[in-house]
Amino acid sequence: GAGVSQSPSNKVTEKGKDVELRCDPISGHTALYWYRQSLGQGLEFLIYFQGNSAPDKSGLPSDRFSAERTGGSVSTLTIQRTQQEDSAVYLCASSPRGSGYGYTFGSGTRLTVV
Amino acid sequence: GNSVTQMEGPVTLSEEAFLTINCTYTATGYPSLFWYVQYPGEGLQLLLKATKADDKGSNKGFEATYRKETTSFHLEKGSVQVSDSAVYFCALSDPQYSGGGADGLTFGKGTHLIIQP
Numbered sequence: 035g036a037g038v039s040q041s042p043s044n045k046v047t048e049k050g051k052d053v054e055l056r057c058d059p060i061s062g063h064t065a066l067y068w069y070r071q072s073l074g075q076g077l078e079f080l081i082y083f084q085g086n087s088a089p090d091k092s093g094l095p096s097d098r099f100s101a102e103r104t105g106g107s108v109s110t111l112t113i114q115r116t117q118q119e120d121s122a123v124y125l126c127a128s129s130p131r132g133s134g135y136g137y138t139f140g141s142g143t144r145l146t147v148v
Numbered sequence: 002g003n004s005v006t007q008m009e010g011p012v013t014l015s016e017e018a019f020l021t022i023n024c025t026y027t028a029t030g031y032p033s034l035f036w037y038v039q040y041p042g043e044g045l046q047l048l049l050k051a052t053k054a055d056d057k058g059s060n061k062g063f064e065a066t067y068r069k070e071t072t073s074f075h076l077e078k079g080s081v082q083v084s085d086s087a088v089y090f091c092a093l094s095d096p097q098y099s100g101g102g103a104d105g106l107t108f109g110k111g112t113h114l115i116i117q118p
């Protein structure tokens, strides 16, 4: 596609429920990244994919967070048993080969856990 | 580890004023440096970048020079407009710090810029 697409744009969920956030990167971009943007906290790196592989998952804040990417394209970030502290904007970005080329960001998913 | 430090905001200026947003970094290797901008209600957009020492990135009247000796990448604009009001993020990519292959950009916390007419 023309840009990085994320869905849903907004999600309100009850504490304890699972949520799935989707990212559709720019066609042909092999690198895909997930970040979390919390008020007053800046941007927190979560995970990156090169193709379908995630070489480093250490940025995921807990084992309730997981992510996968299939076909070298769409990625899903799953948060299980959501907590109120998970409320944030989750941003996805893609890049042709790596972060040294700069990213194209999606508009994000605003997650609110009530 | 890598880190990026930006001046705290909000920064409030009058239209046509000169802008400087300070950014300094710590990196283990030879990073590329970036400025991203986030306009209200929108996602982050790449504003400019520099990939080696003494490079100057520029776009939309904004400039930043990669200063290795001071580990800085300050953002400047000679005459700001109301439409420049946004949050600006300084970031670095350090391929020497593989961290098992993290390859993520390290961002500063962002500087909220408010331009008043």
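Same order as they appear, the protein sequences are chains A and B. The numbers in my numbering rise by one with no breaks, and the one at position 71 of the first sequence is 105. The numbers in my numbering rise by one with no breaks, and the one at position 11 of the second sequence is 12. By construction, the Cβ of each residue, glycine as well, lies at the ideal position given by its N, Cα and C atoms. Values in this document were obtained by computation on a predicted structure and should not be read as measured data.
- Taking 8 Å as the Cβ-Cβ cut-off, the stretch 99-117 of chain A has no residue approaching chain B.
- Along the stretch 7-39 of chain B, the positions whose C-beta sits under 7 Å from a C-beta of chain A are S33, F35, read in chain order.
- A contact between stretches requires three or more CB pairs, one per stretch, nearer than 8 Å, and the stretch 16-24 of chain B meets this requirement with the stretch 75-84 of chain B.
- Secondary-structure assignment with DSSP links T143(A) through a beta bridge to Y124(A).
- Under a 10 Å Cβ-count criterion, Q117(A) is classified as exposed, with fewer than 16 other Cβ atoms of the shown protein chains found around its own Cβ.
- Leaving aside the five residues that flank G136(A) on each side, the residues in its chain whose CB is nearer than 8 Å to its CB run, in chain order, S129.
- In the DSSP assignment, E70(B) is bridged to no other residue.
- Within chain A, no residue has its beta carbon less than 8 Å from that of E70(B); the closest one is some 22 Å off.
- Rounded to the nearest whole angstrom, the C-alpha separation of T25(B) and V12(B) is 17 Å.
- Excluding sequence positions up to five before and after E54(A), its CB lies within less than 7 Å of the CB of T110, T112, all in the same chain and listed in chain order.
- If the five residues before and after T104(A) are omitted, its C-beta is found closer than 7 Å to the C-beta atoms of N86, all from its own chain and listed in chain order.
- The three-state reading of DSSP puts D85(B) in helix, counting H, G and I together.
- One thing to note: D52(A) has its Cβ within 8 Å of the Cβ of R115(A).
- Sorting P59(A), K49(A), G106(A) by C-alpha distance to the C-alpha of S41(A) places P59(A) at the top.
- G105(B) sits away from Y124(A), with the two beta carbons spaced by 8 Å or more.
- CA-to-CA, the gap between K53(B) and Y31(B) works out to about 8 Å.
- Apart from the 5 residues on each side of it in sequence, K50(B) sits with its Cβ closer than 7 Å to the Cβ of S33, L34, F35, G58 in its chain, given in chain order.
- Residues of chain B whose Cβ lies closer than 7 Å to the Cβ of Y67(A) are, in chain order, G105.
- Annotated three-state conformation of Q118(A) is helix, per DSSP.
- Shown here for F108(B): same chain residues with a beta carbon closer than 7 Å to its own, the five before and five after excluded, namely V5, F90, A92 in chain order.
- For G85(A), none of the residues of chain B pass the 7 Å Cβ criterion, the least Cβ distance being about 12 Å.
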